[in-house]
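Heads up: the structure comes next, in structure tokens.
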Amino acid sequence: MSDTRFLPTTLEEMQARGWDQLDVILVSGDSYIDSPFIGAAVIGRVLEHAGFRVGIIAQPEISSSADITRLGEPRLFWGVTGGSVDSMVTNYTANKHRRRTDDYTPGGENNRRPDRATIAYTNLIRRFHKNTVPIVLGGIEASLRRVAHYDYWSNSLRRSILFDAKADYILYGMAEGSTLALAHALLAGDDPTSIRGLCYITRQPPGHYLTLPDYETVAADKQAFIHMFHTFYENNDPITAKGLIQQHGDRFLVQNPPALHASQAELDAVYALPFQRVQHPYYEKYGPVRALDTIGFSISTHRGCYGECNFCAIAVHEGRTVRWRSQDSIIKEAVFLTKMPGFKGYITDVGGPTANMYGFECKKKLKSGVCVDKRCIYPEVCAALKPDHQPQVELLRKLRQIPGVKKAFVASGIRYDMIAADTAHGDEYMQEIVDHHVSGQLKVAPEHTEKSVLDKMGKPGHESLVRFKEKFDALSARAGKKQFLTYYMIAAHPGCTEVDMHRLKRFASQELQISPEQVQIFTPTPSTYSTLMYYTGLDPISLEPIFVERDPQRREKQKQIVVEKAAEPGSRRSTLRAAGRRKY
Numbered sequence: 103m104s105d106t107r108f109l110p111t112t113l114e115e116m117q118a119r120g121w122d123q124l125d126v127i128l129v130s131g132d133s134y135i136d137s138p139f140i141g142a143a144v145i146g147r148v149l150e151h152a153g154f155r156v157g158i159i160a161q162p163e164i165s166s167s168a169d170i171t172r173l174g175e176p177r178l179f180w181g182v183t184g185g186s187v188d189s190m191v192t193n194y195t196a197n198k199h200r201r202r203t204d205d206y207t208p209g210g211e212n213n214r215r216p217d218r219a220t221i222a223y224t225n226l227i228r229r230f231h232k233n234t235v236p237i238v239l240g241g242i243e244a245s246l247r248r249v250a251h252y253d254y255w256s257n258s259l260r261r262s263i264l265f266d267a268k269a270d271y272i273l274y275g276m277a278e279g280s281t282l283a284l285a286h287a288l289l290a291g292d293d294p295t296s297i298r299g300l301c302y303i304t305r306q307p308p309g310h311y312l313t314l315p316d317y318e319t320v321a322a323d324k325q326a327f328i329h330m331f332h333t334f335y336e337n338n339d340p341i342t343a344k345g346l347i348q349q350h351g352d353r354f355l356v357q358n359p360p361a362l363h364a365s366q367a368e369l370d371a372v373y374a375l376p377f378q379r380v381q382h383p384y385y386e387k388y389g390p391v392r393a394l395d396t397i398g399f400s401i402s403t404h405r406g407c408y409g410e411c412n413f414c415a416i417a418v419h420e421g422r423t424v425r426w427r428s429q430d431s432i433i434k435e436a437v438f439l440t441k442m443p444g445f446k447g448y449i450t451d452v453g454g455p456t457a458n459m460y461g462f463e464c465k466k467k468l469k470s471g472v473c474v475d476k477r478c479i480y481p482e483v484c485a486a487l488k489p490d491h492q493p494q495v496e497l498l499r500k501l502r503q504i505p506g507v508k509k510a511f512v513a514s515g516i517r518y519d520m521i522a523a524d525t526a527h528g529d530e531y532m533q534e535i536v537d538h539h540v541s542g543q544l545k546v547a548p549e550h551t552e553k554s555v556l557d558k559m560g561k562p563g564h565e566s567l568v569r570f571k572e573k574f575d576a577l578s579a580r581a582g583k584k585q586f587l588t589y590y591m592i593a594a595h596p597g598c599t600e601v602d603m604h605r606l607k608r609f610a611s612q613e614l615q616i617s618p619e620q621v622q623i624f625t626p627t628p629s630t631y632s633t634l635m636y637y638t639g640l641d642p643i644s645l646e647p648i649f650v651e652r653d654p655q656r657r658e659k660q661k662q663i664v665v666e667k668a669a670e671p672g673s674r675r676s677t678l679r680a681a682g683r684r685k686y
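Be aware that the sequence shown starts at 103, since it is given in the working numbering, and climbs by one per residue.
If you want it as structure tokens, here you go:
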């Protein structure tokens, strides 16, 4: 029996709706999880709400036609995404070992997502649907690979993914509005190449766009690539950005200016769509997806991040301007969660890329766009930003009053430097979090402790971390609660040496009284400044050489310096270490 609560995944589900052809077919590297946290589900629901007939093919088998042909051929376009995470990040560790698990695959085994999934799925469509309608790439894999980019897994500078995938368009960033505009243009038979947030290939580029150094030049000259990246990065804000052109051989990649940010009313409308917040039954029969353990009963309150950490791509994909939902929209979603099967009273997270960026923004930025010559909270919180935690305090208090909600946790991490900068409501927010919204551990992400490394990361110094820890511990003790901070650290970031990791270990032991466990090795992902440093070995501002650890064993050693626990005196490990230090 067909389940019409979801977007169709089979011919039978199409027929149950009385449809003989779909307008759009979405192909995803994730299982079909009908959740507002899953990009393919969001795009599908937005198109459906606008009256388009949409189906989803999740994780199709790439060695046969069985999956990719089961919904027929769409009338308007194919939408292809590698999934919620770049497929190479999903499939490989920081040192390029194959991962055994995949949180977005039924059963949790990493056996359904191909490498470079966006390219693989586009090739699959071309193979079994000759001369088909346009193929449109979206999601984070395509978004961050839309211009010439360094690819860590091949250790090479690759062309725009639009050329390698042989697709027709890319819709980059948070693309609900761009996708609707494209669907309406194709339905009307109009030329879509002027749509904001769209990339395409042409032999005759528009004359009024900025020209990036061509692919052949940046592939041969690292300083030219740095220059290219600066221009690319600076043209990501919808208020200030210009269109970009980059030549690849005898053709040109054209990137139109970014789509305008969604208004609060538009965001609220997206989250009001009928998401089932579970995996589609067609895929559930193959096993559960672990991602639902995190997102199943979580609420996203806002998009974007003005943190601009150099290793993070959120600024390029979601934007540097924070947009938040109304409190009413969030409360309605929380009420819906309380009525879901399996809800036990716990909202597992209320937040976004960083939880405490809800409800405030720089007025100058909202009017005139982002600053080109400075960042919002690095090296310190800008006076124009004026952090205000009162909106989130109000929201959290309202969530606690909803019948059926026992706890609403803040689990997506917070920026402690912004709490300190909020002299009006920072202390009140901290008290609220400690008293009501910590599930035993609260996540913070200092990433490192050494200034030279933090500067390369675009992160603040450790002084605010120490003050935050002291206040957190004091408030937890006063509340009579055993609560702890979980610290996320990065090893082998450009500029980081083994000496720096020993200093981090010592600081963590002496100042934080912990032995860090949440330490990840830096992974160079496309379109970040940290990846630019890793590839070029240069500081992108001064162009001075910097140390970059590229040897896999020594990258792993940097991590082990921090996570390895001291051996108990007299233990076998302690004895072996002592023996290893003896001189024979």
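We treat Cβ as the ideally placed atom computed from N, Cα and C, and that holds for glycine. Just so you know, these numbers come straight off a predicted model, no measurement behind them.
Nearest residue (CA-CA) to residue i, options the options
{"i": "E318", "options": "S258, D293, G240", "result": "S258"}
{"i": "P308", "options": "L284, N358, A321", "result": "N358"}
{"i": "A244", "options": "I272, F108, N233", "result": "I272"}
{"i": "G471", "options": "Y460, T192, G461, L487", "result": "L487"}
{"i": "D519", "options": "G409, D205, D575, V380", "result": "G409"}
{"i": "F649", "options": "G597, K324, V601", "result": "G597"}
{"i": "V148", "options": "E278, K469, A222, D188", "result": "E278"}
{"i": "V536", "options": "K553, A510, T525, A374", "result": "A510"}
{"i": "P443", "options": "S167, V380, H251", "result": "V380"}
{"i": "L587", "options": "F327, A547, P162", "result": "A547"}
{"i": "S578", "options": "T342, M532, R248, K465", "result": "M532"}
{"i": "H595", "options": "G560, R569, Q585, Y589", "result": "G560"}
{"i": "G210", "options": "K469, P654, Y385, T304", "result": "Y385"}
{"i": "R215", "options": "R248, E163, N225, Y254", "result": "E163"}
{"i": "L75", "options": "L369, K508, T207, K661", "result": "Since the first residue of the chain shown is 103 and the last is 686, residue 75 is not available in this structure."}
Exposure of residue i, with buried meaning 16 or more beta-carbon neighbours within 10 Å
{"i": "L645", "result": "exposed"}
{"i": "R229", "result": "exposed"}
{"i": "G241", "result": "buried"}
{"i": "P294", "result": "buried"}
{"i": "D122", "result": "exposed"}
{"i": "P481", "result": "exposed"}
{"i": "K534", "result": "Reading off the sequence shown, one finds Glu at residue 534, where the question assumed Lys. Classification for E534: buried."}
{"i": "P626", "result": "buried"}
{"i": "I616", "result": "exposed"}
{"i": "K467", "result": "buried"}
{"i": "M103", "result": "Unreliable positioning characterises M103 in this predicted model, as indicated by a pLDDT of 49, which lies under 50. The coordinate reading is nonetheless provided below. Flag for M103 reads exposed."}
{"i": "R652", "result": "exposed"}
{"i": "A267", "result": "buried"}
{"i": "L289", "result": "exposed"}
{"i": "E666", "result": "exposed"}
8 Å contact criterion, which residue i and residue j should meet: CB distance rounded
{"i": "Q492", "j": "H527", "result": "4 Å"}
{"i": "L169", "j": "I159", "result": "First, the residue type needs correcting, since residue 169 is Asp and not Leu in the sequence shown. Indeed, because the Cβ distance is near 6 Å, the residues count as touching under 8 Å."}
{"i": "E619", "j": "N197", "result": "Their Cβ separation, rounded to whole angstroms, is 18 Å, which puts E619 and N197 out of contact at 8 Å."}
{"i": "L124", "j": "R172", "result": "With 8 Å as the limit, L124 and R172 do not qualify as a contact, their Cβ atoms being about 11 Å apart."}
{"i": "L178", "j": "V126", "result": "6 Å"}
{"i": "A593", "j": "I623", "result": "5 Å"}
{"i": "I397", "j": "F139", "result": "4 Å"}
{"i": "A364", "j": "R425", "result": "6 Å"}
Distance cut-off 8 Å: residue i Cβ against heavy atoms of the ligand MG
{"i": "F609", "result": "What this structure holds is no ligand at all, so the ligand MG is not there to describe."}
Host alpha helix (DSSP H) of residue i (start-end)
{"i": "D575", "result": "565-580"}
{"i": "Y274", "result": "Taken as a continuous stretch (DSSP letters only), Y274 belongs to no alpha helix (DSSP H), as it is neither H nor E."}
{"i": "Q612", "result": "600-612"}
{"i": "G528", "result": "528-538"}
{"i": "I433", "result": "429-440"}
{"i": "R656", "result": "654-665"}
{"i": "T304", "result": "Unbroken run through T304 is the beta strand (DSSP E), 300-304; no alpha helix (DSSP H)."}
{"i": "I623", "result": "From DSSP, I623 is part of no alpha helix (DSSP H) but of the beta strand (DSSP E) over 621-623."}
First through last residue of the beta strand (DSSP E) which encompasses residue i
{"i": "R228", "result": "Careful: R228 lies outside any beta strand (DSSP E), inside the alpha helix (DSSP H) at 219-230."}
{"i": "H329", "result": "It is not in any beta strand (DSSP E) - H329 instead sits in the alpha helix (DSSP H) that spans 324-336."}
{"i": "K553", "result": "Premise fails: K553 lies in the alpha helix (DSSP H), 553-559, not in any beta strand (DSSP E)."}
{"i": "Q357", "result": "353-357"}
{"i": "D253", "result": "251-253"}
{"i": "S514", "result": "Taken as a continuous stretch (DSSP letters only), S514 belongs to no beta strand (DSSP E), as it is neither H nor E."}
{"i": "A593", "result": "586-593"}
Uninterrupted beta strand (DSSP E) stretches inside the region 442-496 (no shorter than 3 residues):
451-453
Curious, which full-length beta strand (DSSP E) runs of at least 3 residues does the region 110-155 contain?
Within the region 110-155, the complete beta strand (DSSP E) runs of at least 3 residues are 126-130.
Can you check the region 373-399 for any alpha helix (DSSP H) of at least 4 residues that lies completely inside it and give the ranges in chain order?
383-386, 393-397
To test your reading of the DSSP string, which unbroken beta strand (DSSP E) runs of 3 or more residues are found completely within the region 161-245?
179-183, 237-240
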